[in-house]
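Residue numbers (the numbering used here), protein chains in the order written: chain E, 22 to 295; chain B, 74 to 290.
Here a beta-carbon is modelled for each residue, glycine too, at the ideal position from N, C-alpha and C.
In structure tokens form, the structure reads like this:
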């Protein structure tokens, strides 16, 4: 590595993961630089979600190495760089993650959901955490709902709160795992708009998504996952307009066709695309 | 003898006995929650020895009569040099007994919490222990409150078993009165009514708790 090269925020090498006999990740390499927005597309079962989940070790990789900020991990069991529990907790507190099913905590109010981790994981004084949380809730337009319980909110509102909850930790990297897939079509737009505004603010983001037009308009890079490897990757235009592999062509054709026939979410999507 | 003179004669004795029932019940509930929580978490332990021990505990308790467990603690333990007062032995036996059932209630509650609840906490950097304590158990508690109420009522009624080890609770008190007066109908009916009052109060209390904490929205 030369001195002029900018170190990536996240560097993954040869990440492998199997579930029993099924090899889901077959050695994935990836560098993500600060401020990049990387979209991962691919058919279900291609390993893209498992890959995303292995980055914050919610799914423990079987092998491979990772460098993120000051963390240097080697996931080969028994290796000297194998992460300890404490290290994993520290790593996860630096990486935000948003899930398909929101996973807000139903017994806590919106505000309590957002301050819970800063107060209990980082030890932030409560008053300070509340101030940060209220600013975030203001930004996502849900300040008025701060004392409401999550199950009273729409799916789109819940997902925005989930994003705020992750942001409250001031993460250096945000992972989005198909965050609009569980939403009613008319609610997709509000979540994508928020994500686009995060991207515009320079947040480093890695997202698994089926929203092809969002990937095209917001990402700096698009990766196509196929059978546990990154089969194709590059600038959105290049990957999405001129796919090299037949598999990707086929995948894009199917997705675009589905979107055309389902139609419903296109309205929301087009708005995002201005 | 009219009704009011009966009440003034036997009332204070029944009140004292009811007070014992209440105390035994409260202490037993506390002990059963501690045992139940420990056993429920023990079932999920990383260590096989812990899992085996909790499995044995639940298997033994649920597979033997409560009365025999009470006898083992009160009459059996002295043979090993452990001598307990009837009250302590009673609370210990009933609490450990009920703990096995509470463990099963908590286990069912834990399995009702979606995996995503734990994942979202871990993803924010929570330790597994803190996730359990601040995210999972508060939700479990809300879900299992009705089942815990049933268990509490059954504890309250089971305190009558302690009459066999000379704890002067309602049943034994009534029995002593009956052997002196030969009026079993009157006094057993009186005992039944007092139990009914106690269980009703307990149910009301649980209902209030449920309304206060049972909702998630």
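Segment limits, beta strand (DSSP E) that includes residue i
i	result
residue 240 (chain B)	Note, residue 240 (chain B): premise wrong, no beta strand (DSSP E); not H, not E.
residue 47 (chain E)	43–53
residue 34 (chain E)	31–40
residue 194 (chain E)	194–198
residue 228 (chain E)	226–229
residue 116 (chain E)	116–119
Beta carbon proximity, residue i to chain B, threshold 8 Å
i	result
residue 182 (chain E)	no
residue 29 (chain E)	no
residue 122 (chain E)	yes
residue 35 (chain E)	no
residue 118 (chain E)	yes
residue 98 (chain E)	no
residue 220 (chain E)	no
residue 138 (chain E)	yes
residue 131 (chain E)	no
residue 127 (chain E)	yes
residue 141 (chain E)	yes
Distance between residue j and residue i (C-alpha atoms, nearest Å)
i	j	result
residue 179 (chain E)	residue 207 (chain E)	14 Å
residue 65 (chain E)	residue 125 (chain E)	24 Å
residue 155 (chain E)	residue 160 (chain B)	53 Å
residue 39 (chain E)	residue 228 (chain E)	22 Å
residue 187 (chain B)	residue 267 (chain B)	42 Å
residue 82 (chain E)	residue 206 (chain B)	27 Å
residue 203 (chain B)	residue 222 (chain B)	26 Å
residue 135 (chain B)	residue 170 (chain B)	8 Å
residue 95 (chain B)	residue 213 (chain E)	58 Å
residue 190 (chain B)	residue 83 (chain B)	55 Å
residue 259 (chain B)	residue 155 (chain B)	39 Å
residue 138 (chain B)	residue 273 (chain B)	26 Å
residue 143 (chain B)	residue 236 (chain B)	11 Å
residue 194 (chain E)	residue 240 (chain E)	14 Å
residue 157 (chain E)	residue 268 (chain E)	41 Å
residue 136 (chain E)	residue 142 (chain E)	10 Å
residue 145 (chain B)	residue 162 (chain B)	9 Å
residue 272 (chain E)	residue 216 (chain E)	24 Å
Neighbour flag for residue i against chain E, beta carbons, 8 Å
i	result
residue 283 (chain B)	no
residue 181 (chain B)	no
residue 138 (chain B)	no
residue 216 (chain B)	no
residue 193 (chain B)	yes
residue 120 (chain B)	no
residue 212 (chain B)	yes
residue 196 (chain B)	yes
residue 129 (chain B)	no
residue 190 (chain B)	yes
Best match in the options for proximity to residue i [C-alpha to C-alpha]
i	options	result
residue 192 (chain B)	E:272, E:198 and E:226	E:198
residue 254 (chain E)	E:33, E:62, E:46 and E:110	E:62
residue 67 (chain E)	E:238, E:245 and E:53	E:245
residue 269 (chain B)	B:83, B:102 and B:229	B:229
residue 88 (chain E)	E:69, E:189, E:54 and E:106	E:54
residue 182 (chain E)	E:153, E:222, E:131 and E:196	E:131
residue 139 (chain E)	E:250, E:116 and E:120	E:116
residue 86 (chain E)	E:143, E:162 and E:96	E:96
residue 162 (chain E)	E:177, E:148, E:173 and E:272	E:177
residue 200 (chain B)	E:121, E:109 and E:133	E:109
residue 93 (chain E)	E:151, E:41, E:75 and E:31	E:31
residue 284 (chain B)	B:178, B:271 and B:215	B:215
residue 182 (chain B)	B:194, B:163, B:211 and B:198	B:211
residue 105 (chain E)	B:106, B:242, B:123 and B:198	B:198
residue 52 (chain E)	E:259, E:34, E:42 and E:275	E:34
residue 76 (chain B)	B:263, B:157 and B:225	B:263
residue 196 (chain B)	E:159, E:157 and E:111	E:111
According to DSSP, residues forming a beta bridge with residue i
i	result
residue 253 (chain E)	E:245
residue 134 (chain B)	In DSSP, residue 134 (chain B) forms no bridge with anything.
residue 129 (chain B)	BP columns for residue 129 (chain B) are empty, so no partner.
residue 93 (chain E)	E:88
residue 63 (chain E)	E:246
residue 260 (chain E)	None, per the DSSP bridge assignment.
residue 58 (chain E)	E:226
The alpha helix (DSSP H) enclosing residue i, as first and last residue numbers
i	result
residue 235 (chain E)	233–239
residue 80 (chain B)	76–115
residue 176 (chain E)	176–188
residue 193 (chain B)	188–196
residue 176 (chain B)	159–184
residue 214 (chain E)	206–221
residue 212 (chain B)	210–231
residue 280 (chain B)	257–286
residue 133 (chain E)	131–138
Distance cut-off 7 Å: residue i Cβ against heavy atoms of the ligand COA
i	result
residue 117 (chain E)	Looking at this structure, you won't find the ligand COA or any other ligand, since it has none at all.
Residue i at chain D interface by Cβ criterion, 8 Å
i	result
residue 200 (chain B)	Looking for chain D here will not work: the only protein chains present are E and B.
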